[in-house]
Amino acid sequence: VFPENAIAPGISYPEIVRILAESDVLDLADSTPEEWRTQMLARWEQDEIQPITFKFRDGTWVKLEERRTKSGDIVTHALDITERMRVWAAIDVLPDAFVLFDREERLLACNRRYREMFPDSSALMQSGARFEDLLRQRVFDLLLDRPLERARAVPRIEPGLGQPLERPRRECQPQVARRQPLAQIAN
Numbered sequence: 002v003f004p005e006n007a008i009a010p011g012i013s014y015p016e017i018v019r020i021l022a023e024s025d026v027l028d029l030a031d032s033t034p035e036e037w038r039t040q041m042l043a044r045w046e047q048d049e050i051q052p053i054t055f056k057f058r059d060g061t062w063v064k065l066e067e068r069r070t071k072s073g074d075i076v077t078h079a080l081d082i083t084e085r086m087r088v089w090a091a092i093d094v095l096p097d098a099f100v101l102f103d104r105e106e107r108l109l110a111c112n113r114r115y116r117e118m119f120p121d122s123s124a125l126m127q128s129g130a131r132f133e134d135l136l137r138q139r140v141f142d143l144l145l146d147r148p149l150e151r152a153r154a155v156p157r158i159e160p161g162l163g164q165p166l167e168r169p170r171r172e173c174q175p176q177v178a179r180r181q182p183l184a185q186i187a188n
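Residue numbers (our numbering): 2 to 188.
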């Protein structure tokens, strides 16, 4: 990745970032080398350094996770996530909606088609979002769009809004998300 002998023990982080930015090995998308360099250096100024993912021109994807030690040094863990990114890219182009939740009912991932099916809720569809929050937002969005159905459904829905949802069955089968007419949902 780096030019021969460019990286050696004792080299500073800003120098590594400069070499990478100028070496043309990164796919910077819409960023200039200077913008990328500034972004990378600014990350280290934060109290908590957020992970960052970037792509090399050869198709390799790397995720950097960094932690500050008690003495103030920073430890960087670089993960090759190329295979994971290929899988997610394939999922994103599926013609059907795809969504994946963990055991705590938190969103792990969803594809573009799933976001297109529920555009009003798509801003909430971030990794870690709770299933219950997504569902409540979806119901709210449906009711706002249809005042007549809202008037009929709210008395039945509102008493349960503050209550936790029932846990899903332990043995769930994968389902394909499909739109249903509101009349079927509200009745």
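Cβ coordinates follow ideal geometry from the N, Cα and C atoms, glycine included.
#1: For L95, name the three-state secondary structure that DSSP assigns.
#2: Please classify R38 as buried or exposed, where buried requires at least 16 neighbouring CB atoms within 10 angstroms.
#3: Can you name, in chain order, every residue of its own chain whose Cβ lies under 8 angstroms from the Cβ of K64, other than the five neighbours on each side?
#4: Does the Cβ of V18 have 16 or more other Cβ atoms within 10 Å, making it buried, or fewer, making it exposed?
#5: In chain order, what residues of the same chain have a beta carbon less than 6 angstroms from the beta carbon of A130, not counting five sequence neighbours either side?
#6: Distance, Cα to Cα, R113 vs V94?
#7: Apply the 10 Å Cβ neighbour rule to V100 and answer buried if 16 or more other Cβ atoms are within range, or exposed otherwise.
#8: For the alpha helix (DSSP H) containing L42, list its first residue and its last residue.
#9: If we require 3 or more residues per run, which beta strand (DSSP E) segments fall completely within the region 53-139?
#10: Figure out for me which residue from T61, R68, R58, G60 has the closest Cα to the Cα of I50.
#11: Exposed or buried, what is L21 when buried is set at 16 or more other beta-carbons lying within 10 Å of its beta-carbon?
#12: Taking 9 angstroms as the threshold (C-beta atoms), are E16 and P34 in contact?
On the basis of the coordinates in this document:
#1: For the purposes of this step, residue 95 is identified with residue 94 of the sequence shown, where counting begins at 1. It is coil, neither helix nor strand.
#2: The sequence position of residue 38 within the sequence shown is 37, counting from 1. Counting Cβ neighbours within 10 Å, R38 comes out buried, since at least 16 surround it.
#3: In the sequence shown, residue 64 corresponds to position 63, counting from 1. Cβ within range, chain order: P52, I53, T54, A79, L80, I82.
#4: Indexing the sequence shown from 1 puts residue 18 at position 17. Per the 10 Å Cβ criterion, buried.
#5: In the sequence shown, the residue the question calls residue 130 occupies position 129. Only L108 meet the Cβ criterion.
#6: Against the sequence shown, residue 113 aligns to sequence position 112. Against the sequence shown, residue 94 aligns to sequence position 93. Rounded to whole angstroms, R113 to V94 spans 7 angstroms at the Cα level.
#7: Counting from 1 along the sequence shown, the entry for residue 100 is found at position 99. With 16 or more Cβ atoms within 10 Å of its Cβ, V100 is classed as buried.
#8: Along the sequence shown, read from residue 1 onward, the residue named residue 42 stands at position 41. Its alpha helix (DSSP H) spans residues 34-44.
#9: 53-57, 62-69, 75-81, 100-102, 108-111
#10: Residue mapping note: residue 50 aligns to position 49 of the sequence shown, counting from 1. Closest by alpha carbon: R68.
#11: Position 20 of the sequence shown, counting from 1, holds the residue named residue 21. It counts as buried.
#12: Sequence index remark: in the sequence shown, residue 34 carries index 33 (1-based). Sequence index remark: in the sequence shown, residue 16 carries index 15 (1-based). No, they are not a contact pair.
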